[in-house]
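In what follows, a structure is listed as structure tokens, so that the remarks can point back to it.
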Amino acid sequence: MRRSKYLLNTLKETPKEAVVISHQLMLRTCMIKQLASGIYTYMPFAVRSIRKIERIIRQELDRVGCIELLMPSVQPADLWNESGRWKNYGKELLRMKDRKENEFCYGPTHEEVVTDVVRRELRSYKELPLNLYQIQTKFRDEVRPRFGLMRGREFIMKDAYSFDVDEETCDASYWLMYEAYKRIFSRCGLNFRPVEADSGLIGGDYTHEFHVLANSGEDEILSCNQCDYAANVERCEVRQPAAFSGPELDKPRRVATPDAKTIEEVSNLLGVQPSQCVKALLYKTENEPVLAFIRGDRTLNETALRNALGVPELELLNEGDAREVGLVPGFVGPINAPDGLSLWVDPEVLAIEASVVGANAPDAHFTHVHPSHFANYQVTSLRQAFAGDPCPRCDEGVLASWRGIEVGQVFKLKTKYSESMNASYLDEQGHSKPMVMGCYGIGVTRTMAAAIEQNHDDAGIIWPVQIAPFHVTLLSLDVGSDEVDGAAETVYQALTDRGVEVLYDDTKGRPGFKFKDADLLGIPIQLVFGKRSLNQGLVDLKMRGTGEKRSVALAECVDETIAALRQQGWEHH
RNA sequence: CGGGGAGUAGCGCAGCCUGGUAGCGCACCUGCUUUGGGAGCAGGGAGUCGCAGGUUCAAAUCCUGUCUCCCCGACCA
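Remember, this note's numbering sits 5 above the position in the first sequence when you count from 1.
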């Protein structure tokens, strides 16, 4: 591609709305143009990278037997009523009406449509397993779109859906996809981790997210430094201590703690460690208030509490709400708690020999509280794991914390949709059974953004060669000189003939400008053609990633370039 | 949805307080000089000042309403 005929207007200055690096660089390199909040045009330079990511996805999914199809973006409300999601999905679902006032939505995901396809087409166990996928634009009306392509409303997604006869073969389909995902993200040149994630209410035993490691990631993930355990912090398991089993040495003592409402104030006033205090948090489910207790120096994991209660929603209550259920804000504890509250206690709390708890009375706490003084409670792991915790799986490991960008998820749906939408097959005995489903997503455009988040420096993008919009950029410093033009044209043609994608900067710019621009664009290899070197029969080859530069003979430069590309993992297709 | 900020040329911004011919830098076009790390000079094109209403002889500027965008938080199959 000749730069003079391409659409690629780079910016020297960073538009002010961009705060994360991928967003800034994508704007500066003319990759995206915003049309509305969370809605972008993918410009030519970006589309080239998107197509490469898609190509890798297609190859790896086809390899494990997935079959590509393409479903409609606009979906009738009827289908969503069958699954129950027309009511439940909420405002993220973009709804609309056609001219006949029939209701439709723009697809945020395609469980309903794919289940409908399969229930019409499949009858027999002999046709299973089946895994259908598509790559398509999705729309989710996010509450707060942000960070460019990292959290857009419209985005390109690969979604796949597996159909199996039972849970066992569904597991096999799941792990096949898990391995395919590892190959996909590896081939994209990304540093990533598959992590255990929360499966919510329908998910069942496990689900994994694939995270690209980057400081700007919105998720915290924890991984073991010894074994391969890794989990989203909201799902991360905690090694729990045994309850303190020694005898009660003393009765709880009621002490005056005027105005000491926070853990910090109480521990300072009484001269005890925060880890000896008990923190109480009041939540509300749809039906009932719930009181949770964790150690004073810990953070509560709301996902853990939600799962323990088996509820989809949980709301943290404020002081006013606390008074309504008979609590004294700041002095809440497990002893003499008002009736009608369900009490949940983290195991760590019960490992404290003598703890400090609120007295459920104004300006008072109990000290010397022994585990046996807790009454009418249930024990469940409630605290959030953090870096430095021992690994929950192996004996030697310690957890380390990372920021991650979620680029993919594999998920077991089981029979949620096949039952509600009646997608069934006949087994060998002629019995009708619901298919067991899995779903598997990859955010294509988010993957591209994550790649930039992970691969850049002060000068600009550093594309992994596998997903780079071009493999090589050829800079002509003396456009108009017959010698330079001739050499550049010849090499441009030769590289192109050998399957190398070249961005040929044949514009009449000054050298400094071209160098800066090439660094900004981040194409893996720069080939520099200028009189100064060419007079000695040389061209200059620079590796964008390492900054390494060397001069090579004009006659050798095509082979040298291809060798350097191969070294970075380039494969000619 | 709560809190904060911003809409003036493609991008970055000034002008608004104190109403009176809409400006600067980058980018773009023309010419000359320059040419190995974002050149210099000269000339030029480009803006319904987010939108609507009001006050006024006169509104980018004052008043009211409204829309959009960004950031923090809540939320995120």
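C-beta atoms are modelled at their ideal positions from N, C-alpha and C, and glycine is treated no differently.
- Contact between V283 and K289 is ruled out by a C-beta separation of about 20 angstroms, above the 8 angstroms threshold.
- For a cut-off of 8 angstroms, the C-beta gap from G409 to R198 is around 7 angstroms, short enough to register as a contact.
- Relative to the Cα of L227, the nearest Cα in the group E353, F249, L404, L310 belongs to L404.
- Beta-bridge partners assigned by DSSP to F534: S481.
- Annotated three-state conformation of H436 is coil, per DSSP.
- When secondary structure is reduced to three states using DSSP, F50 falls in the helix class.
- Excluding residues up to 5 positions away in sequence, S272, G301, I357, A359, S360, V361 lie with their Cβ nearer than 8 angstroms to the Cβ of Q281 in the same chain.
- One Cα belongs to D176, the other to L75, and the distance between them is close to 25 angstroms.
- Here DSSP, grouped into helix, strand and coil, assigns A405 to strand.
- Looking at the DSSP output, M162 sits in a beta bridge with Q141, G448.
- Residue burial is scored here from C-beta neighbours: P317 has fewer than 16 other C-beta atoms within 10 angstroms and is therefore classed as exposed.
- In this structure, the alpha-carbon of A82 lies about 11 angstroms from that of V118.
- Residues Y130 of the same chain have their beta carbon placed closer than 8 angstroms to that of E433, with the five preceding and five following residues left out of the count.
- Out of S167, N292, G413, the CA that lies nearest to the CA of E201 is found in G413.
- Of the residues R60, D103, R151, the one whose Cα lies closest to the Cα of A23 is R151.
- A residue is called buried once 16 or more other Cβ atoms fall within 10 Å of its Cβ, and V563 is buried on that count.
- For Y130, no beta strand (DSSP E) segment is defined, and its DSSP state is neither H nor E.
- In the structure shown, R328 falls within a helical segment according to DSSP collapsed to helix, strand and coil.
- In summary, E576 is exposed, with fewer than 16 beta-carbon neighbours lying within 10 Å of its beta-carbon over all protein chains present.
- Membership of K102 in the beta strand (DSSP E) is indicated by the continuous run 99-102.
- Unbroken alpha helix (DSSP H) stretches of 4 residues or longer found wholly inside the region 271-359: 307-314, 324-329, 352-355, given in chain order.
- Per DSSP, the continuous alpha helix (DSSP H) segment holding R125 begins and ends at 116-126.
- Within the same chain, Cβ atoms closer than 7 angstroms to the Cβ of Q231 are found at C396, C399, E401, G402, the five residues on either side in sequence being excluded.
- Boundaries of the alpha helix (DSSP H) around K421: 421-425.
- Within the same chain, and ignoring the five residues on either side of P474 in sequence, the residues whose Cβ sits closer than 6 angstroms to its Cβ are F50, R53, S54.
- Counting only residues of its own chain and dropping the five nearest sequence neighbours on each side, R258 has a CB closer than 6 angstroms to the CB of T372, H373.
- Rounded to whole angstroms, L16 and R537 show a C-alpha spacing of 29 angstroms.
- Put simply, of K419, I472, S437, R549 the residue whose alpha carbon is nearest the alpha carbon of L479 is R549.
- The three-state reading of DSSP puts V470 in helix, counting H, G and I together.
- DSSP, reduced to helix, strand and coil, places R60 within a helical segment of the structure shown.
- Under the DSSP assignment, N86 falls in the alpha helix (DSSP H) whose first and last residues are 82-88.
- With contacts defined by Cβ atoms closer than 8 angstroms, G448 and M162 form a contacting pair.
- Taking the Cβ atoms as the reference, G363 lies roughly 4 angstroms from G338, within the contact range of under 8 angstroms.
- Counting every other CB atom within 10 Å of its CB across the protein chains shown gives K105 a total below 16, marking it as exposed.
- With respect to the 8 angstroms criterion, L274 and A285 are not classified as neighbours on the basis of their beta carbons.
- Sixteen is the threshold: when 16 or more other Cβ atoms of the shown chains lie within 10 Å of the Cβ of D351, as they do, the residue is buried.
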